[in-house]
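The structure under discussion appears below in the form of structure tokens.
In this note's numbering, the protein residues as written are 6 to 86.
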């Protein structure tokens, strides 16, 4: 007799955090370079980049976790073992 299992794949908190970090590092480097270009000083550019990094990291992580609660666009697959 075959049993049917339904399994849904979800991101772990760790995966969301790693995704958040990888994106934030990329975006912060760009923001810091643009800030340096505009202000002409590395101290100001690094201050702006630091504030941007922490605030947007937290916002993105929260955004990612909220989307995990929404069923839109998710699929479950049935298979037999």
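Glycine included, every Cβ here is placed at the ideal spot set by N, Cα and C.
The structure presented is a predicted model; accordingly, all values stated were derived computationally and were not measured.
Leaving out the 5 sequence neighbours to the left and right, which residues in its chain are closer than 8 Å to residue i when beta-carbon positions are compared?
i, result
"residue 28", "65"
Please report the straight-line C-alpha distance between residue i and residue j, rounded to a whole angstrom.
i, j, result
"residue 62", "residue 25", "6 Å"
"residue 52", "residue 31", "16 Å"
"residue 77", "residue 44", "43 Å"
"residue 56", "residue 79", "34 Å"
"residue 60", "residue 14", "28 Å"
"residue 23", "residue 39", "25 Å"
"residue 35", "residue 85", "48 Å"
If you drop the 5 nearest sequence neighbours on each side, which residues of the same chain put their C-beta closer than 7 Å to that of residue i?
i, result
"residue 41", "47 and 50"
"residue 74", "none"
Assuming residue i and residue j make a contact with CB atoms under 8 Å, what is their CB distance in whole Å?
i, j, result
"residue 81", "residue 58", "Their Cβ separation, rounded to whole angstroms, is 36 Å, which puts residue 81 and residue 58 out of contact at 8 Å."
To which residues of the same chain is residue i closer than 6 Å at the C-beta, ignoring the five residues directly before and after it?
i, result
"residue 37", "50 and 54"
Count the CB pairs spanning the stretch 15–31 and the stretch 57–72 that are closer than 8 Å, and state whether there are at least three.
-> yes
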